[in-house]
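Engineer: When we follow our numbering, the leftmost residue of the sequence shown carries the number 45, and every step to the right adds one.
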Amino acid sequence: MKINYVKMITMCLCVLCFTAGAWAESLGINGSTTVLPIAQKAAEAFMKIHPDVNVSVSGGGSGNGIKAIIDGTTDIADSSRFIKDKEVAMAVEKGVYP
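1) From the DSSP output, in three-state form, read off G75 for me.
2) Kindly provide the ranges of any beta strand (DSSP E) runs that are 3 or more residues long and lie completely inside the region 63-137, ordered along the chain.
3) Taking three-plus beta-carbon pairs below 8 Å as touching, is the region 107-127 in contact with the region 84-95?
4) Tell me which residues share the same chain as K128 and place their Cβ nearer than 6 Å to its Cβ, disregarding the 5 neighbours each side in the sequence.
5) Can you have a look at G116 and say buried or exposed, based on whether 16 or more other CB atoms are within 10 angstroms of its CB?
6) Measuring straight from C-alpha to C-alpha, what distance separates T118 and K111?
7) Compute the Euclidean distance between the alpha carbons of G105 and G139, then round it to the nearest angstrom.
8) Buried or exposed, going by whether 16 or more other CB atoms sit within 10 Å of the CB of V101?
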């Protein structure tokens, strides 16, 4: 799978900007180890612009990130794969709309 890093970084920055609309003191990003380096760079760039917001980035796999967003234990889930129908159903049951 070829990854266009510029598009991925741009997407991560956009997600961070829109997610931080409430200007939380901290944001959590969890998920894909493939996306981890890109998410870390996006978080660093975001924190330079918004030093009052701490962005915590961790890996663990796409499945872990999706599970964390469904469970409400992270703000943003990174995934290097499409979300499964089963995961969408679990999310919707909990009021999360991926």
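All residues carry an ideal CB built from backbone N, CA and C; glycine is no exception.
The model shown is predicted, which means the values in this text are computed figures rather than measured ones.
Structural biologist: Per the coordinate set shown:
1) Correct three-state label for G75: strand.
2) Taking 3 residues as the shortest admissible run, the region 63-137 contains the following complete beta strand (DSSP E) segments, listed from N- to C-terminal end: 70-75, 98-102 and 120-122.
3) Contact check between the region 107-127 and the region 84-95: fewer than three CB pairs, one atom from each, fall below 8 Å, which does not count as touching.
4) Here the set comprises nothing.
5) Counting of Cβ neighbours within 10 angstroms places G116 among the exposed residues, the total staying below 16.
6) Inter-residue distance for T118 and K111 is about 9 Å (C-alpha atoms, whole angstroms).
7) Taking C-alpha positions only, G105 is separated from G139 by approximately 23 Å.
8) Counting Cβ neighbours within 10 Å, V101 comes out buried, since at least 16 surround it.
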